[in-house]
Amino acid sequence: MASLKEKFMTKIGPMRERVQKLNKEFGNVVVDDVNIGQIIGGMRDIRSMFWVISDLDPQEGIRFRGYTIPDLQAKLPKAPGGSEPMPEGIFYFLLTGELPTYDDCVSVTEEWRKRSALPAHLIKTMEAVPTDTHPMTQFAMAILALQRDSKFTAKYRAGMSKGDYWDPMFEDVMDLLAKLPEIAARIYRRAYKGGHYIAPDPKLDWAANQAHMLGLDKPEFYDLMRLYLVIHSDHEGGNVSAHTCHLVGSALSDAYYSMSAAMDGLAGPLHGLANQEVLRWIMDVMKDLGGVPTKEQLHKYLWDTLKSGKVIPGYGHAVLRKTDPRYVAQREFALKHLPNYDMFRVVSDIYEVAPKILIEQGKAKNPWPNVDAHSGVLLYYYGITEYDIYTVFFGVSRAMGILAQLIWSRALGLAIERPKSVLIEWLEEQAKKAPAPAK
Ligand code: HAX
3 MASLKEKFMT KIGPMRERVQ KLNKEFGNVV VDDVNIGQII GGMRDIRSMF
53 WVISDLDPQE GIRFRGYTIP DLQAKLPKAP GGSEPMPEGI FYFLLTGELP
103 TYDDCVSVTE EWRKRSALPA HLIKTMEAVP TDTHPMTQFA MAILALQRDS
153 KFTAKYRAGM SKGDYWDPMF EDVMDLLAKL PEIAARIYRR AYKGGHYIAP
203 DPKLDWAANQ AHMLGLDKPE FYDLMRLYLV IHSDHEGGNV SAHTCHLVGS
253 ALSDAYYSMS AAMDGLAGPL HGLANQEVLR WIMDVMKDLG GVPTKEQLHK
303 YLWDTLKSGK VIPGYGHAVL RKTDPRYVAQ REFALKHLPN YDMFRVVSDI
353 YEVAPKILIE QGKAKNPWPN VDAHSGVLLY YYGITEYDIY TVFFGVSRAM
403 GILAQLIWSR ALGLAIERPK SVLIEWLEEQ AKKAPAPAK
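So the sequence shown is numbered by my numbering: it starts at 3 and just counts up by one.
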């Protein structure tokens with residue numbers, strides 16, 4: 003059986019050829035127009051980034067290498083006794099484009115286990131941070147502290163050919179992914195469990211070990227972690243965390259710099275932090291309304307949230323125009339395992355009420371829930387009630403996608419990113435040249 007690295011090596015040559023052919027022979031083909039609204043409005047929908055591993059359709063949602071979430075649930079290998087796909091499988095699949103066997107997944111688990119020990123300097127750094135520092139800050143700092151050990155940076159300094167960049171990048175990515183679950187668990191146990199750490203269990207797969215080190219040894223929760231870590235792994239290239247990783251990496255900053263920067267973006271409330279915001283908001287709803295509210299009460303509460311100038315967290319999306327399939331996957335998990343849980347009933351009722359209100363308000367282009375509207379309630383149910391930690395788990399998962407792409411970016415020799423910014427005078431000049439708008 004070929005190792006993941008050997009398998010990946012077989013994919014580099016053919017992909018390089020495809021990219022080089024496109025660039026050389028069709029580099030001048032125009033594929034998109036850009037208007038002033040897009041330039042002012044966050045570059046929305048401009049097709050200007052090359053991503054190898056996933057694609058997001060506004061109506062259908064995410065496809066990982068062409069596969070939907072239900073496809074992956076059916077086709078990716080499961081851990082013994084588990085019913086959700088192993089994250090090791092999605093990483094293998096994103097990187098190589100080939101569905102792994104169970105043995106392939108086990109070899110990734112084993113590879114990560116071998117690389118998982120946290121260096122003493124990292125532990126010292128983590129212990130020096132005040133425990134009430136936000137978990138995402140701690141997470142980004144911990145990743146950055148590991149930069150000291152970057153193999154890419156050491157090899158680059160020693161002198162390395164461009165064609166070889168992908169190799170130490172692969173090594174750094176494997177080293178980093180191996181360590182993320184324990185870093186996340188240490189942040190959690192230090193902030194909320196008195197610093198009583200739980201050692202990893204070498205018999206467990208990556209996701210189950212994440213659950214175990216958090217202190218939640220329940221097969222059902224192992225499965226939730228597997229599902230959670232698979233579905234958050236990638237969402238094409240333009241979202242803030244993925245784009246940040248790509249942008250920073252394009253300067254040949256190594257995996258630690260790129261990933262740490264990506265986590266700073268994921269920590270924004272309009273992006274990954276929305277999962278924490280959703281839970282906080284639901285707790286407020288239940289506190290203010292004395293338990294599970296009626297739909298009439300929810301209706302008023304949602305309107306009050308909007309009228310106070312806030313967003314409804316977990317709703318809307320920059321690309322999606324339908325309910326996020328990642329929301330659906332989590333809803334199905336909840337219907338199977340916790341159908342009568344009060345907080346899940348509130349989440350379900352919001353799903354009935356919020357889209358109608360957002361449509362009536364007429365501002366949000368997408369009134370439907372995104373991934374973050376559902377993840378918190380599942381974690382809360384199994385005992386992770388400290389919602390400030392939620393985005394860290396998102397980060398552990400997102401690392402697999404954006405770092406798989408980073409390896410590809412180095413393998414393909416992708417260029418440093420450098421879009422052209424424009425001044426208001428230039429935009430006004432373009433506006434003057436345009437035909438007068440129809441009255
Ligand atoms: N509640 C209230 N208003 C909303 C809204 C929501 N959930 N979603 C969008 N809007 C508003 C926007 O704030 C914007 O208002 P202004 O015109 O006053 O600026 C207007 O509707 C148009 O926005 P849009 O074009 O539909 O949405 P954007 O592409 O600009 O933004 C966001 C997409 C996800 C940031 C947005 O929908 C939002 O703020 N949602 C709530 C936060 C959230 O759930 N974020 C997580 C998104 C998924 C993700 O990245 N996860 O990590």
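Even glycine gets a Cβ: it sits at the ideal position worked out from N, Cα and C.
> Between GLU173 and MET215, which are expected to be in contact by the criterion C-beta below 8 Å, what is the C-beta distance as a whole number of angstroms?
Replying inline: Within the sequence shown, the letter at position 171 stands for residue 173. Within the sequence shown, the letter at position 213 stands for residue 215. That pair is no contact at about 24 Å.
> Residues in its own chain within less than 8 Å of ASP34 by CB, not counting five upstream and five downstream?
Replying inline: As a first step, residue 34 must be located in the sequence shown, where it is residue number 32. The residues are ILE48, ARG49 and SER50.
> What are the partner residues of LEU58, as DSSP defines its beta bridges?
Replying inline: Numbered from its first residue, the sequence shown carries residue 58 at position 56. Its beta-bridge partners are ILE64.
> What residue from VAL330, LEU146, GLN212 and TYR382 has the CA that sits closest to TRP114's CA?
Replying inline: In the sequence shown, counting from the first residue as 1, residue 114 sits at position 112. Checked all of VAL330, LEU146, GLN212 and TYR382; the closest Cα to TRP114 is GLN212.
> Out of curiosity, what's the CA-to-CA distance linking ARG150 and PHE28?
Replying inline: Along the sequence shown, read from residue 1 onward, the residue named residue 150 stands at position 148. Along the sequence shown, read from residue 1 onward, the residue named residue 28 stands at position 26. Straight-line measurement puts the Cα of PHE28 at about 41 Å from the Cα of ARG150.
> Hey, how far is the Cα of LEU97 from the Cα of GLU354?
Replying inline: Here residue 97 is taken as the residue at index 95 of the sequence shown, counted from 1. Here residue 354 is taken as the residue at index 352 of the sequence shown, counted from 1. As the crow flies, the alpha-carbon of LEU97 is around 38 Å from that of GLU354.
> Around the C-beta of SER5, are 16 or more other C-beta atoms found within 10 angstroms, so that it is buried, or is it exposed?
Replying inline: On the sequence shown, position 3 is the one that residue 5 refers to. Taking all protein chains in view, the Cβ of SER5 is surrounded by fewer than 16 other Cβ atoms within 10 Å, so the residue is classified as exposed.
> So does ASN451 have its beta carbon nearer than 7 Å to some heavy atom of the ligand HAX?
Replying inline: With the chain covering 3 to 441 only, the question about residue 451 has no answer from this structure.
> Under the three-state reduction of DSSP, which class applies to LYS153: helix, strand or coil?
Replying inline: For the purposes of this step, residue 153 is taken as the residue at position 151 of the sequence shown. Helix at LYS153.
>> Run through the DSSP bridge pairs and tell me what LYS80 is partnered with.
In response: In the sequence shown, residue 80 corresponds to position 78, counting from 1. The secondary-structure analysis by DSSP pairs LYS80 across a beta bridge with PRO87.
> In whole angstroms, what separates the C-alpha of TYR317 from that of GLN299?
Replying inline: Mapped onto the sequence shown, residue 317 falls at position 315. Mapped onto the sequence shown, residue 299 falls at position 297. Cα to Cα, TYR317 sits roughly 19 Å from GLN299.
> Going by the beta-carbon positions, is the gap between GLN178 and ALA257 smaller than 8 Å?
Replying inline: Here the question's residue 178 lines up with position 176 in the sequence shown. Here the question's residue 257 lines up with position 255 in the sequence shown. Looking at the sequence provided, one finds Leu at residue 178 rather than Gln. Yes, Cβ-Cβ distance for LEU178 and ALA257 is below 8 Å.
>> Less than 7 Å separating the Cβ of ASP59 from some heavy atom of the ligand HAX?
In response: Residue numbering aside, residue 59 sits at position 57 when the sequence shown is read from its first letter. No.
> With DSSP run on the structure shown, which of helix, strand or coil describes PRO137?
Replying inline: The count along the sequence shown starts at 1 and reaches residue 137 at position 135. The DSSP-derived three-state label of PRO137 is helix.
> Apart from the five residues just before and just after LEU78, which ones in its own chain have a Cβ nearer than 6 Å to its Cβ?
Replying inline: To locate residue 78, count along the sequence shown from 1; it is residue 76. For LEU78, where only same-chain residues beyond five positions count, the Cβ hits under 6 Å are PRO87 and GLY91.
> Whose C-beta lies closer than 8 Å to the C-beta of TYR384 among residues of the same chain, with five residues either side of it excluded?
Replying inline: Walking along the sequence shown from the start, residue 384 turns up at place 382. Contacts found: LEU218, LYS220, GLU222, PHE223 and LEU226.
> Do LEU120 and LYS205 have their C-beta atoms within less than 8 Å of each other?
Replying inline: Within the sequence shown, numbered from 1, the residue matching residue 120 stands at position 118. Within the sequence shown, numbered from 1, the residue matching residue 205 stands at position 203. Judged by beta-carbon spacing, LYS205 lies beyond the 8 Å limit of LEU120, meaning their Cβ atoms are not closer than that value.
>> As a quick exercise: from LYS289, ARG282 and PRO295, pick the residue whose alpha carbon is nearest that of VAL379.
In response: If you number the sequence shown from 1, residue 379 lands on position 377. Comparing Cα positions, the closest option is ARG282.
> Of all the options ILE361, VAL175 and LEU408, which has the alpha carbon lying nearest to the alpha carbon of LEU148?
Replying inline: Within the sequence shown, residue 148 is the residue found at index 146, counting from 1. LEU148 has its Cα closest to that of VAL175, out of ILE361, VAL175 and LEU408.
> Within 7 Å: the Cβ of HIS376 and any heavy atom of the ligand HAX?
Replying inline: The residue you call residue 376 lines up with position 374 of the sequence shown. Because no heavy atom of the ligand HAX lies under 7 Å away, the Cβ of HIS376 does not count as near it: no.
> CA-CA distance, MET128 and ALA356?
Replying inline: Working through the sequence shown from its first residue, we reach residue 128 at position 126. Working through the sequence shown from its first residue, we reach residue 356 at position 354. Cα to Cα, the separation comes out at about 40 Å.
>> Just to confirm my understanding: we take GLU279, look at its own chain, exclude 5 residues before and 5 after, and list those with CB closer than 8 Å. What are they?
In response: Taking the sequence shown and counting its residues from 1, the one referred to as residue 279 is at position 277. Answer for GLU279: PRO271, PRO315, GLY316 and ASP374, listed in chain order.
>> Can you give me the C-alpha to C-alpha distance between ASP390 and GLU430, rounded to a whole angstrom?
In response: Along the sequence shown, one-based indexing puts residue 390 at 388. Along the sequence shown, one-based indexing puts residue 430 at 428. Approximately 44 Å, taken between the alpha carbons.
>> Let me make sure I understand the geometry here. Which of PHE335, ASN25 and ASP351 has the alpha-carbon closest to that of LYS297?
In response: Numbered from its first residue, the sequence shown carries residue 297 at position 295. Of the listed residues, the one whose Cα sits closest to LYS297 is ASP351.
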